[in-house]
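Q:
Residue numbers (our numbering): 9 to 355.
Below is the structure:
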């Protein structure tokens, strides 16, 4: 029997101890055992250990005791998906990852929230974090949440519009501004009109005509009053004491043309209320002109902060019903008091 001995690495012959890489002849007898790879394992764990125990033996118990586990599969329920191909392979996975209490590395732990309606109904307002990004903090029980009050308030005002449908109070504009002028301001500032086959003047005429032909309906159902001369006299009020940012009025009126479905009664009401809610959302403050005095801008910010804290969030506690579309992006848990105690105990 002729045998040769060689060393491989990454699928190629390599030199060992500085000797040539070519295979070398060696003695071989019947019963000789040929070994490929290392004769001993690089990592050894007890055969009866669980995955979490094996992780603890390999990486340490400090990590293992703070592991979180998640299980996922291609089939979430027993019924399965009727549209799924019969021969499609099923899979499942179990993942272990460190939680926020593991302090070997700095981590940011984000938890998406269920029971959002209950949280907002029983929350305590903590404060505004960033008025330009519409972020604030609220507390519910022992948990602290970072919320996007812009997204929440848009849904809130839509629901308030539904509640008060046909029974709004009014905001009187004195003096009433011209509808055509407001729409023209918005069209001139709108980037999307540059690619239109219509001129900006034609777009303004089309939007104004669309609104004016439905002015009686807008006044009857929404208290959006536009007189025969095209002057905007009143707006619907959705929340007592709350004044929307009138800098957004041109954009609101312009969007009534293309964004409202005027051909279906139910869709018309729904899309109009969506646009009205968007108009009511508290927006980041527009920077003051250089000629404006600093106290004026400060007063506007103070007024906005007061409305957010003393009007918006109290109304959310009473009337807000959270839709599922808000769960994964607009309310995020950032702290949990018992877990913070565990962290501080180590200090």
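Glycine included, each C-beta is placed from N, C-alpha and C at the ideal position.
Please read these numbers as outputs of a predicted model, since none were measured by experiment.
Please classify residue 34 as buried or exposed, where buried requires at least 16 neighbouring CB atoms within 10 angstroms.
A: Under this definition residue 34 is an exposed residue.
Q: Where does residue 263 land, buried or exposed, given buried means 16+ other C-beta within 10 angstroms?
A: Answer is buried; the Cβ neighbour count reaches 16.
Q: At a cut-off of 7 Å, is residue 66 close to the ligand HEM when judged by its beta-carbon and the heavy atoms of the ligand?
A: Of the ligands one can find in the structure shown there are none, so the ligand HEM has no counterpart to examine.
Q: How many Å lie between residue 28 and residue 11 at the Cα?
A: 17 Å
Q: Within 8 Å, do at least three Cβ pairs link the stretch 242 to 255 to the stretch 192 to 200?
A: no
Q: Return the Cβ separation of residue 317 and residue 133 in integer angstroms, given the expectation that the two are a contact with Cβ distance under 8 Å.
A: 6 Å
Q: Would you give the residue range spanned by the beta strand (DSSP E) that residue 100 belongs to?
A: 100 to 106
Q: In terms of residues, what are the limits of the beta strand (DSSP E) holding residue 60?
A: Per DSSP, residue 60 belongs to no beta strand (DSSP E); it is in the alpha helix (DSSP H), 59 to 67.
Q: Which residues bound the beta strand (DSSP E) around residue 274?
A: Per DSSP, residue 274 belongs to no beta strand (DSSP E); it is in the alpha helix (DSSP H), 273 to 288.
Q: Indicate whether residue 225 and residue 187 have their beta-carbon atoms separated by less than 8 Å.
A: no
Q: Should residue 266 and residue 161 be called a contact, given that it needs their Cβ atoms to be closer than 8 Å?
A: no
Q: Nearest-angstrom Cα distance between residue 138 and residue 144?
A: 7 Å
Q: Leaving out the 5 sequence neighbours to the left and right, which residues in its chain are closer than 6 Å to residue 230 when beta-carbon positions are compared?
A: 244
Q: Go through its chain and collect everything with a Cβ distance to residue 179's Cβ below 6 Å, but skip five positions before and after it.
A: 243, 245.
Q: Using a 10 Å radius around the Cβ and a threshold of 16 neighbouring Cβ atoms, would you call residue 173 buried or exposed?
A: exposed
Q: Under 8 Å between the Cβ atoms of residue 74 and residue 106?
A: yes
Q: Give a yes or no on contact between the stretch 338 to 347 and the stretch 148 to 156, applying the rule of three or more CB pairs nearer than 8 Å.
A: Yes: at least three Cβ pairs fall under 8 Å.
Q: For residue 320 and residue 329, I'd like the C-alpha separation in whole angstroms.
A: 14 Å
Q: What are the boundary residues of the alpha helix (DSSP H) that includes residue 190?
A: 187 to 197
Q: Smallest Cα separation from residue 252: which of 270, 279, 283?
A: 283
Q: Could I get the ranges of all uninterrupted beta strand (DSSP E) runs contained in the stretch 319 to 349, with 3 residues as the minimum, in chain order?
A: Those beta strand (DSSP E) runs which fall completely within the stretch 319 to 349 and span 3+ residues are 339 to 344.
Q: Excluding five sequence neighbours on each side, which residues of the same chain lie with their C-beta closer than 7 Å to the C-beta of residue 227?
A: 233
Q: Who are the Cβ neighbours of residue 79 in its own chain at under 6 Å, not counting the five residues just before and after it?
A: 102
Q: Which whole-angstrom value describes the C-beta separation of residue 280 and residue 256, a residue pair presumed to lie in contact below a C-beta threshold of 8 Å?
A: Contact doesn't hold; Cβ gap of about 15 Å is too wide.
Q: Only counting the same chain, and skipping five residues up and downstream in sequence, which positions put a Cβ closer than 8 Å to that of residue 124?
A: Taking C-beta separations shorter than 8 Å and ignoring five residues to either side along the sequence, the partners of residue 124 in its chain run 330, 334, 335, 339, following chain order.
Q: What three-state label does DSSP hand residue 156 in the structure shown?
A: strand
Q: How far does the alpha helix (DSSP H) with residue 217 in it reach, from first residue to last?
A: 208 to 220
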